[in-house]
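Here's the structure, in structure tokens; my notes come after.
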Amino acid sequence: MLEINLKKKLRHFTVDVSQQIDTETLVLIGHSGCGKSTTLKMLAGLLRPDEGKIDLNGQVLYDQKQKKNLPPEERNIGFVFQNYALFPHLTVTENVAYGISRLPTDEKNKRIQETLSFLGIEALASSKPAMLSGGEQQRVALARALVTQPKLLLLDEPLSALDVSTRSHVRTELKEILKKLSIPTVIVTHDYEDARVLADRVAVMDQGEIIQSGVPREIAQYPANHFVAEFTGTNLVAVEKRQPGLPEYVAFDPWKAEVSREAKNSPYEWYGEIRDIATLGGFVRLHITGSSSFYADIPIEVYEKEGFQHGENIYSRVEENEVRPISISQDRTVRPEQKPKKIPTEFKAKPKKWKWASFAIIFVLAFMVVTYGVTSKSATGEVGSQTEMFALVAANATDPFNKLIVEFEQDHPDVKAEATYAGTQIIRTQLEQGAKADLFLSADLEHIEAVKEQGLIEEFFPVSNNHLVIVVPKENKVGIESLEDLGNKEMKLVIGTDTVPIGRYTRDVIKKATVAYGDGFDEKVMDNVVSLETNVKQVLQKVSLGEAEAGIVYTTDVTPEFLKTVQVIEIPEDLNIVATNYISVVTKAPNKEFAEEFMQMMLSDRGQTVFAEYNYDPLN
Numbered sequence: 004m005l006e007i008n009l010k011k012k013l014r015h016f017t018v019d020v021s022q023q024i025d026t027e028t029l030v031l032i033g034h035s036g037c038g039k040s041t042t043l044k045m046l047a048g049l050l051r052p053d054e055g056k057i058d059l060n061g062q063v064l065y066d067q068k069q070k071k072n073l074p075p076e077e078r079n080i081g082f083v084f085q086n087y088a089l090f091p092h093l094t095v096t097e098n099v100a101y102g103i104s105r106l107p108t109d110e111k112n113k114r115i116q117e118t119l120s121f122l123g124i125e126a127l128a129s130s131k132p133a134m135l136s137g138g139e140q141q142r143v144a145l146a147r148a149l150v151t152q153p154k155l156l157l158l159d160e161p162l163s164a165l166d167v168s169t170r171s172h173v174r175t176e177l178k179e180i181l182k183k184l185s186i187p188t189v190i191v192t193h194d195y196e197d198a199r200v201l202a203d204r205v206a207v208m209d210q211g212e213i214i215q216s217g218v219p220r221e222i223a224q225y226p227a228n229h230f231v232a233e234f235t236g237t238n239l240v241a242v243e244k245r246q247p248g249l250p251e252y253v254a255f256d257p258w259k260a261e262v263s264r265e266a267k268n269s270p271y272e273w274y275g276e277i278r279d280i281a282t283l284g285g286f287v288r289l290h291i292t293g294s295s296s297f298y299a300d301i302p303i304e305v306y307e308k309e310g311f312q313h314g315e316n317i318y319s320r321v322e323e324n325e326v327r328p329i330s331i332s333q334d335r336t337v338r339p340e341q342k343p344k345k346i347p348t349e350f351k352a353k354p355k356k357w358k359w360a361s362f363a364i365i366f367v368l369a370f371m372v373v374t375y376g377v378t379s380k381s382a383t384g385e386v387g388s389q390t391e392m393f394a395l396v397a398a399n400a401t402d403p404f405n406k407l408i409v410e411f412e413q414d415h416p417d418v419k420a421e422a423t424y425a426g427t428q429i430i431r432t433q434l435e436q437g438a439k440a441d442l443f444l445s446a447d448l449e450h451i452e453a454v455k456e457q458g459l460i461e462e463f464f465p466v467s468n469n470h471l472v473i474v475v476p477k478e479n480k481v482g483i484e485s486l487e488d489l490g491n492k493e494m495k496l497v498i499g500t501d502t503v504p505i506g507r508y509t510r511d512v513i514k515k516a517t518v519a520y521g522d523g524f525d526e527k528v529m530d531n532v533v534s535l536e537t538n539v540k541q542v543l544q545k546v547s548l549g550e551a552e553a554g555i556v557y558t559t560d561v562t563p564e565f566l567k568t569v570q571v572i573e574i575p576e577d578l579n580i581v582a583t584n585y586i587s588v589v590t591k592a593p594n595k596e597f598a599e600e601f602m603q604m605m606l607s608d609r610g611q612t613v614f615a616e617y618n619y620d621p622l623n
């Protein structure tokens, strides 16, 4: 049994979560930046709460009043990170063994074999991650989390790294695995389909608070407000033709709606404009907006026969026996100052059968690699007569650093240079946890100054400059032409969360623009924000897929591939920022002489030419 009561003040709101989790799977769902991952980090011991308590099976992991806060390695918690973070140079067996390296050989081998067998991946034992599919990599990451037998399992967006075609069957496989466990499991996702399949219980989160909790079917059928309805794909609509005995609001499934160009005088009928049209298999989804906004899924043959057009006004109705009356005392329009009503729902999960599962989080900290995390290579020291170098590199520098590795290896046939690419916070954590790196490349001045203060590096140098741009879909339906439009037009805007450099830089740009465009500009821009992401690639993906109408990213991340689906709008130079990467040689570098030489190559005209090839701005 996991019992939590936690508070953590963030920039725009306070995370305030209280839950009891039995041997069940609880899925936390909500928009990016709503506090889901913050909750996981507090549970894991990676982030200290401001107040509260964590009790796991009678053991107090954190208690602010008792001033008790167990470190991650003493919590016996399994953590599967978003992009699995497997060591590319290790086999499956070696990856799984990493977290139990101190066990006696016989016990270690027994656990590894049992875990691989349980997950059905014995045949992959000798394979390396690059040889595995996305679903296989996920199982290996899960095996690494289970092999040390944790009392609590945490999974952060476990399916987000998979493509659409793979995601469905891997989701089902993961559900079957979780059914066999007998420990509390907490999953974070922003995809309701993941929650629907994986959860025994769903908790919908917004602005740091759980606004509705219950079994997936209950959440979908009886959403507490429009925010919950949006996530579950349910229509929650105000009844326009109020008559005695009719509810104020009703919920109904999109496929239960009928549409026509003429009114039928139904008590549950609405009139509105077709704002969007999308094909979903044998149905066409119409997004209709009038006094209410909702979806109607109609058979494709009906759509083709009637010839409904974008912008056309039509009637939509639902039979009385297909609506569910909903009582709403207050609603959520995604504004920080509003407080949602908490709606507790009791639920007792079915007991699970498998009696062991494992992971100690301290070992995983060395693996944390996120969406950019296509890890090039990694090792240190010497193998035979060949020296192996290892670098920790901020993800935005992946392409130029990879090219410089190739050139350096050509100059030094006896050297094999390798790197792990991730967010700066993550590679900093790896360095602080003792990763035997030769080079450290940071995308953030504060992080590199912090590791210098700790004596992990002696000095650092600016190695490349960058700036921000606005990206919009190719069709640019909203007609965004400038930075000023982000506060003057209604749109779906995606930016980075303020915990990562791209998010902080974006806010710096918005702050400058507020001085130029007038008070209130920053508030108008933030009102348009529908998603906060932890890396630039996710921002670009949402814009390129049409899930957002604008995003703010680094100019260097808009690759030729992305340019096929997005267009770039420059931000005025006087309102922009200079985003600088910094390079350093690690104090305890195993190959310090080669590391110094590699760094000097990066700083030389030769290295700067490579950065210029990838659209980096010249150093001042």
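Going by the numbering used here, the first residue of the sequence shown is number 4, and it counts up by one from there.
The beta-carbon is built from N, C-alpha and C at its ideal position, and this holds for glycine as well.
- A contact between stretches requires three or more CB pairs, one per stretch, nearer than 8 Å, and the segment 567-584 fails this requirement with the segment 489-500.
- Assignment of beta-bridge partners to residue 283 by DSSP yields 286.
- For the pair residue 24 and residue 7, the Cα-to-Cα distance works out to about 9 Å.
- The alpha-carbon of residue 43 is positioned some 36 Å away from that of residue 563.
- Our two residues, residue 297 and residue 329, have alpha carbons roughly 15 Å apart in a direct line.
- Secondary structure note for residue 601: its alpha helix (DSSP H) is the uninterrupted segment 595-606.
- Secondary structure within the segment 203-269: the beta strand (DSSP E) runs of 3 or more consecutive residues, fully enclosed, are 204-209, 212-217, 238-241, 252-255, 261-263 (chain order).
- In chain order, 580 place their CB closer than 8 Å to the CB of residue 511, counting only its own chain and leaving out the 5 sequence neighbours on each side.
- Cα atoms of residue 237 and residue 281: separation of roughly 16 Å, rounded to the nearest angstrom.
- When secondary structure is reduced to three states using DSSP, residue 83 falls in the strand class.
- Between the beta-carbon of residue 29 and that of residue 202 there is about 7 Å, and that keeps the pair under the 8 Å contact cut.
- Look at residue 25 here: in three-state DSSP terms it is coil, with no helix or strand label.
- Taken in chain order, the complete beta strand (DSSP E) segments of 3 or more residues contained in the segment 40-80 are 54-59, 62-66.
- Using a C-beta cut-off of 8 Å, the segment 149-163 makes contact with the segment 98-105, since at least three inter-stretch Cβ pairs fall below that distance.
- Inclusion of residue 601 and residue 467 in the CB contact set at 8 Å is not warranted, their separation being larger than that value.
- Boundaries cannot be given for residue 559, as no alpha helix (DSSP H) includes it and DSSP labels it neither H nor E.
- The segment 397-410 makes contact with the segment 604-620, as at least three CB pairs between them are under 8 Å.
- Per the coordinates, the alpha-carbon of residue 493 lies some 48 Å from the alpha-carbon of residue 92.
- When only Cα atoms are considered, residue 220 and residue 199 end up about 8 Å apart.
- Note on the segment 161-190: whole alpha helix (DSSP H) runs with a minimum of 4 residues are 167-182, in chain order.
- Contact annotation: the segment 434-443 does not touch the segment 546-563, with fewer than three C-beta pairs closer than 8 Å.
- Secondary structure of residue 623 (DSSP, three-state): coil.
- Within the model, the alpha-carbon separation for residue 263 versus residue 227 is close to 29 Å.
- Straight through space, the alpha carbons of residue 74 and residue 462 are spaced by roughly 30 Å.
- Remark: C-beta atoms of residue 427 and residue 446 approach each other more closely than 8 Å.
- For residue 297, the uninterrupted beta strand (DSSP E) run begins and ends at 296-302, by DSSP.
- DSSP lists 583, 620 as the beta-bridge partner residues of residue 468.
- Look at residue 534 here: in three-state DSSP terms it is strand.
- Rounded to whole angstroms, the separation of the alpha carbons of residue 53 and residue 9 is 8 Å.
- Contact annotation, residue 570 with residue 475: C-beta distance approximately 6 Å; criterion of less than 8 Å satisfied.
- Non-local beta-carbon contacts of residue 51 in its own chain, meaning distances under 7 Å to residues more than five positions away in sequence, involve 72 in chain order.
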